[in-house]
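Please read the structure below before turning to the comments.
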Amino acid sequence: MTGGASGGPWPGTVLIAGAGRGPLLHLRQPISFWGGVDPASGRITDPASDGAGRSVAGTVLAIDRTRGSSSSSAVMLELIHAGSAPAALLLAEPDAILAVGVLAARAMGWAHPPVLRFNTAVLAALADGTVLAVEEGRVAALA
Numbered sequence: 002m003t004g005g006a007s008g009g010p011w012p013g014t015v016l017i018a019g020a021g022r023g024p025l026l027h028l029r030q031p032i033s034f035w036g037g038v039d040p041a042s043g044r045i046t047d048p049a050s051d052g053a054g055r056s057v058a059g060t061v062l063a064i065d066r067t068r069g070s071s072s073s074s075a076v077m078l079e080l081i082h083a084g085s086a087p088a089a090l091l092l093a094e095p096d097a098i099l100a101v102g103v104l105a106a107r108a109m110g111w112a113h114p115p116v117l118r119f120n121t122a123v124l125a126a127l128a129d130g131t132v133l134a135v136e137e138g139r140v141a142a143l144a
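Numbering-wise, the numbering used here comes out as the position in the sequence shown, counting from 1, plus 1.
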């Protein structure tokens with residue numbers, strides 16, 4: 002994994018193992034996947050979200066806080082099945098409901114994003130769109 006002094010790698014706590022890379026999409030406002038993310042396209046439909054109108058598909062999605070619904074796991078599973086899921090999830094706080102959708106995809110043998118508990122504050126200096134790699138519990142900005 003590449004990086005550098007200001008580009009990591011930064012450690013996280015692995016909740017669900019895997020590897021992924023993509024442009025950073027950092028959501029600072031709480032989001033609920035149920036009703037807030039279109040499961041077919043990955044587009045954020047919640048108008049109160051700071052990511053409204055953007056797609057989570059293929060991103061390294063950093064989330065400061067979720068606003069739960071027990072159906073968020075179903076939305077995550079649908080995103081994975083549709084090929085519209087994030088490439089990786091970085092959660093400031095663990096979200097067991099969201100992780101269940103990823104675990105269900107893994108149990109079905111589908112490709113799934115890694116999920117890390119991660120201090121999203123370290124990403125504050127990075128612009129959305131910065132390409133990140135997530136693997137072995139570490140996150141690095143790619144040059």
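Ideal Cβ placement from N, Cα and C applies to all residues, glycine included. Bear in mind the structure is a predicted one, so any value in this text is a computation, not a measurement.
- prompt: Whose C-beta lies closer than 7 Å to the C-beta of L78 among residues of the same chain, with five residues either side of it excluded?
  reply: Take L78, set aside five residues on each side of it, and the residues of its chain with a beta-carbon closer than 7 Å to its own are G102, A105 and A106, in chain order.
query: From G110, G19, V76 and V38, pick the residue whose C-alpha is nearest to that of L28; which is it?
result: If we check each option's Cα against that of L28, V38 comes out closest.
- request: Just confirm the distance between the C-beta atoms of P10 and R118, as a whole number of angstroms; I'd bet it's less than 8 Å.
  value: For a cut-off of 8 Å, the C-beta gap from P10 to R118 is around 16 Å, too long to register as a contact.
- prompt: How about L143 and L127: do their beta carbons lie closer than 9 Å?
  reply: Contact: no.
message: Tell me which residues share the same chain as S70 and place their Cβ nearer than 6 Å to its Cβ, disregarding the 5 neighbours each side in the sequence.
response: Excluding residues within five positions, the ones whose Cβ falls inside 6 Å are S33 and W35.
task: Taking 9 Å as the cut-off, decide whether the C-beta atoms of S42 and A75 are in contact.
output: In this structure, S42 keeps its C-beta atom at 9 Å or more from the C-beta atom of A75.
query: So is G23 buried or exposed if we call it buried at 16+ other beta carbons inside 10 Å?
result: G23 counts as buried, since no fewer than 16 other beta carbons sit within 10 angstroms of its beta carbon.
query: Hey, which unbroken runs of the beta strand (DSSP E) at 3 residues or more fall wholly within the stretch 53-105?
result: Those beta strand (DSSP E) runs which fall completely within the stretch 53-105 and span 3+ residues are 61-64 and 89-92.
message: Taking a contact to mean a Cβ-Cβ separation below 9 Å, would you say G54 touches R44 in this structure?
response: In contact: G54 and R44 (Cβ atoms closer than 9 Å).
- prompt: Can you tell which of A100, L91 and T131 has its C-alpha closest to the C-alpha of G13?
  reply: The candidate whose alpha carbon is nearest that of G13 is L91.
query: Tell me which same chain residues have a C-beta within less than 6 Å of the C-beta of D96, skipping the five on either side of it?
result: Setting aside the 5 residues that flank it on each side, D96 is surrounded in the same chain by T67, each with a C-beta closer than 6 Å to its C-beta; the list follows chain order.
field: Residues that DSSP places opposite E136 in a beta bridge
entry: Partner(s): A20 and R139.
field: Beta-ladder partner(s) of T14, from DSSP
entry: Answer is R118, bridged to T14.
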